[in-house]
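Read top to bottom, the protein sequences are chains A and B. With the numbering used here as the guide, the letters of the first sequence map in order to residues 1 to 332. With the numbering used here as the guide, the letters of the second sequence map in order to residues 333 to 661. Single-structure report; data block below.
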Amino acid sequence: MTESVLEVADLRVTFRTGPRGTPVDVVRGVSFRLDQGERLGLVGESGCGKSTTILTLMGLLPPNAEVSGAIRLDGVDILQGGERSMRPHRWTDIAMVFQGAMNAFNPTRTIGSQITETMRGRGGASRKAAQARARDLLGMVGIPTDRADRYPHELSGGMRQRAALAMALANQPRVLLADEPTTALDVMIQAQIMELLERLTAELGLALVLVTHDLPLVVETCDRVAMMYAGRLVETGPAASLYAASAHPYTRMLFAATPSLDLDRRVASLPGAPPRVDQEVVGCAFAPRCDRAETVCHTQAPRMTRMADQHAAACHFADVGETHQPLRGVVH
Amino acid sequence: MTDHLLEVRGLEVTFGPGRNHSPFGRRREVVRAVDSVDFTLDRGETLALVGESGSGKTTTAQATLKLVEASAGTIKFNGSDLDGVHGSRLRALRKQMQLIYQDPYESLDPRYSVERIVEEPLLVHRTHSARQARQERVCQALEQVGLSPAELFLRRRPHELSGGQRQRVSIASALVLEPDLLIADEPVSMLDVSVRAGILDLLDQLRAGGLGILMITHDLSTAAHYADRVAVMYLGRVIEIGPSRQIVTDPQHPYTQALLSAVPQPERTRRARTILGGEIPNAAAIPSGCGFHPRCPIATEQCASVTPLLQPGRRSDPTHEIACLNLGG
Numbered sequence: 001m002t003e004s005v006l007e008v009a010d011l012r013v014t015f016r017t018g019p020r021g022t023p024v025d026v027v028r029g030v031s032f033r034l035d036q037g038e039r040l041g042l043v044g045e046s047g048c049g050k051s052t053t054i055l056t057l058m059g060l061l062p063p064n065a066e067v068s069g070a071i072r073l074d075g076v077d078i079l080q081g082g083e084r085s086m087r088p089h090r091w092t093d094i095a096m097v098f099q100g101a102m103n104a105f106n107p108t109r110t111i112g113s114q115i116t117e118t119m120r121g122r123g124g125a126s127r128k129a130a131q132a133r134a135r136d137l138l139g140m141v142g143i144p145t146d147r148a149d150r151y152p153h154e155l156s157g158g159m160r161q162r163a164a165l166a167m168a169l170a171n172q173p174r175v176l177l178a179d180e181p182t183t184a185l186d187v188m189i190q191a192q193i194m195e196l197l198e199r200l201t202a203e204l205g206l207a208l209v210l211v212t213h214d215l216p217l218v219v220e221t222c223d224r225v226a227m228m229y230a231g232r233l234v235e236t237g238p239a240a241s242l243y244a245a246s247a248h249p250y251t252r253m254l255f256a257a258t259p260s261l262d263l264d265r266r267v268a269s270l271p272g273a274p275p276r277v278d279q280e281v282v283g284c285a286f287a288p289r290c291d292r293a294e295t296v297c298h299t300q301a302p303r304m305t306r307m308a309d310q311h312a313a314a315c316h317f318a319d320v321g322e323t324h325q326p327l328r329g330v331v332h
Numbered sequence: 333m334t335d336h337l338l339e340v341r342g343l344e345v346t347f348g349p350g351r352n353h354s355p356f357g358r359r360r361e362v363v364r365a366v367d368s369v370d371f372t373l374d375r376g377e378t379l380a381l382v383g384e385s386g387s388g389k390t391t392t393a394q395a396t397l398k399l400v401e402a403s404a405g406t407i408k409f410n411g412s413d414l415d416g417v418h419g420s421r422l423r424a425l426r427k428q429m430q431l432i433y434q435d436p437y438e439s440l441d442p443r444y445s446v447e448r449i450v451e452e453p454l455l456v457h458r459t460h461s462a463r464q465a466r467q468e469r470v471c472q473a474l475e476q477v478g479l480s481p482a483e484l485f486l487r488r489r490p491h492e493l494s495g496g497q498r499q500r501v502s503i504a505s506a507l508v509l510e511p512d513l514l515i516a517d518e519p520v521s522m523l524d525v526s527v528r529a530g531i532l533d534l535l536d537q538l539r540a541g542g543l544g545i546l547m548i549t550h551d552l553s554t555a556a557h558y559a560d561r562v563a564v565m566y567l568g569r570v571i572e573i574g575p576s577r578q579i580v581t582d583p584q585h586p587y588t589q590a591l592l593s594a595v596p597q598p599e600r601t602r603r604a605r606t607i608l609g610g611e612i613p614n615a616a617a618i619p620s621g622c623g624f625h626p627r628c629p630i631a632t633e634q635c636a637s638v639t640p641l642l643q644p645g646r647r648s649d650p651t652h653e654i655a656c657l658n659l660g661g
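What follows is the structure, encoded as structure tokens:
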């Protein structure tokens, strides 16, 4: 087995909110691993904990968050030592692209100077070398290098997202986290950015976590998909298997709710809403919306069960393949 | 030809330079946001305007409602010409044409209860003088959009509702005046995938009940599933219009083909398709001839000088029209 670049084990995040510090469990035991050059899609509805999960990997959670579990970078846990052990890896080993490329930049400074700054801040590069590298990076993401002297408002949304990508890549990270990087963009620009992400991961051996609610996009772009619901992973597996043979009803029903260009496929909305984060969940969190739920689903939480090679689902009635064995800890 | 609910002919909207002087002293250029747009919409029909940001789809809808002034063209609604209509007559006509906004998180006043929000149009148009009658009408509208029992929602405020419920409230406040035309500007793009189909199904029921719906969306999949016809816009012009199924299965214009190719499809890997480079140009600097020619894979010399007009394609269906000089070439 090849060594994983990133391994997340039983990650839990609880926010303390309100005057009495009421605990709210947002991430409830998430495990996955990521190999070099691999593209993982993390998919779920608003509030399922997908963004919190990757903000945890960046160590960018607010002070009222309590985190437990392990985040192993090349086998070494960086979560245990808190901010002191996270900081050296932030932006150098693990970098992130945010949803609103509009807000990723300071409007009063040029794109080039902001990319240069991320390298200078790390002590290494001289000003000249950093400036040259900034131009290289812009070229790599498909921005004419003379745009380095432009201000953020002078670039289109698509160009700004490319520039944000160049900035994230400045210190040669090995893991790139992308939180809905194309949600605010037109479909044509989205396709261009996705193509760029695919090329970069292949050329640089960059591991990618793509967080999105867009299932078709993920299946088209990623090698593997992790479906997240109410703070837990409910299905993980190769993108093609998840689409062709969804094991978890949530995956199947979310696919059915997404209009596609196949007009003969009926679009069926998913009834109900996810449980609120402050709501206690008994049994399977998806049971109230599930079209296959039975009594057991409302009383007993399902465990992650392996369906087939690399494909696992947490459902009492998942379509179980031949290798029927419960998985503990890391799901891959 | 007078029996269309809505008939738009030669619509043109330009912005600036006029009095719109920039505070930095530079004169603004003229922006031609909408140019020579023709379409019709019948009762019980949904027409989708599809295009990227800056293609003029929202401006077209706003001009239809006279929220922005058209610089040329005619708009006929329910048989009356909107040109030169002002004041109380315009208000009476607008009562029959209602708009649903994109973002139900922004479009509902957070201080108002659901009842107050849905009641507002009735107060503005002074349709029901008795409070009792207003409340009955509000409840009917809420039930119609699936917020049932309505009494349960009357006292709630927007923050107590989910995104899908908010959008239903927004639709209820459009329906409360019993309009003939509903303009839905990206009605589901701010909502979670799981609730989108529910809202779109609701709009489709309203259409089946006799409403004409003009839906604005950037999502071809949504347009294809929920609209009877699709009009694809590029730089202020309609470049292809026709029955949804034909637009999706047999696109004729190279831009429509590129747009379809960019839609993520799980059955296909990205390598199996062609992605158009570049971006939609600024509407203040529209290329000559066919606006799409600098990005077009099949452009010829004449495309830079001749502006193509919509005309039926070679295929049998005369309602499928394309604006391209190299049709079937």
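Each residue gets a CB set at the ideal place from its N, CA and C atoms; glycine is no exception. Remember, it's a predicted structure, so these values are computed and weren't measured experimentally.
- Distance from the CA of A:Asp74 to the CA of A:Gly29, rounded to the nearest whole angstrom, comes to 21 Å.
- Within the same chain, Leu337, Leu338, Leu373, Phe409, Gln428, Met429, Gln430, Leu543, Gly544, Ile545 and Leu546 come within 8 Å of B:Leu513 by CB-CB distance, once the 5 residues on both sides are set aside.
- The Cβ atoms of B:Gly568 and B:Thr651 lie no closer than 8 Å to each other.
- When 7 Å is used as the limit between beta carbons, A:Val219 is near these residues of chain B: Pro598, in chain order.
- Per DSSP, the unbroken alpha helix (DSSP H) holding B:Asp536 starts and ends at Val525 to Ala540.
- Contact note: B:Glu438 does not reach chain A at a C-beta cutoff of 7 Å; the least C-beta distance is about 15 Å.
- Residues of the same chain with a CB within less than 6 Å of the CB of B:Asp435, apart from the 5 flanking positions on each side, are Met522 in chain order.
- For the region 447-473 of chain B, the set of residues with a beta-carbon nearer than 8 Å to any beta-carbon of chain A is empty.
- Spanning the alpha carbons of A:Pro181 and A:Met96 requires a straight line of approximately 10 Å.
- Secondary structure of B:Leu484 (DSSP, three-state): helix.
- Partner residues in the beta bridge of B:Thr378, as assigned by DSSP, are B:Ile545.
- Contact annotation: B:Ala631 and B:Glu572 have beta-carbon atoms that are not nearer than 8 Å.
- The count of Cβ pairs closer than 8 Å, one atom from the region 413-428 of chain B and one from the region 465-480 of chain B, stays below three, leaving the stretches out of contact.
- Residue contact check for A:Ala95 against chain B: no CB pair falls below 8 Å.
- With contacts defined as CB atoms closer than 8 Å, B:Val570 and B:Ala563 qualify as a contacting pair.
- Residue state for B:Gln434 is assigned as coil, using DSSP reduced to three classes.
- Where B:Ser620 is concerned, there is no enclosing beta strand (DSSP E), because DSSP gives it neither an H nor an E.
- When CB distances to chain B are screened at a threshold of 9 Å, the residues of the region 189-222 of chain A falling below it are Ile189, Gln190, Ala191, Gln192, Met194, Glu195, Glu198, His213, Asp214, Leu215, Pro216, Leu217, Val218, Val219, Glu220 and Thr221, in chain order.
- Residue range Arg127 to Met140 is occupied by the alpha helix (DSSP H) that includes A:Asp136.
- Burial state of A:Lys128 is exposed, judged by a 10 Å Cβ sphere holding fewer than 16 other Cβ atoms.
- For A:Leu196, no beta strand (DSSP E) segment is defined; the enclosing uninterrupted segment is the alpha helix (DSSP H) at Val187 to Leu204.
- Taking 8 Å as the threshold, the shortest C-beta distance from A:Ser246 to chain B does not fall below it.
- Nearest neighbour of A:Leu177 by Cα position, chosen from A:Ala65, A:Leu34, A:Glu154 and A:Pro88, turns out to be A:Leu34.
- Residue pairing of A:Ile94 in beta bridges, as defined by DSSP: A:Arg90 and A:Val175.
- Counting only runs of at least 4 residues, the region 457-512 of chain B fully encloses the following alpha helix (DSSP H) elements, listed from N- to C-terminal order: 463-476, 483-486 and 495-507.
- Here B:Gly495 is buried: its Cβ has 16 or more other Cβ atoms, across all protein chains shown, within 10 Å.
- Residue state for B:Lys408 is assigned as strand, using DSSP reduced to three classes.
- Excluding its 5 nearest sequence neighbours in each direction, B:Val450 has C-beta neighbours in its own chain below 8 Å: Val470, Ala473, Leu474, Val501, Ala504, Ser505 and Val508, listed in chain order.
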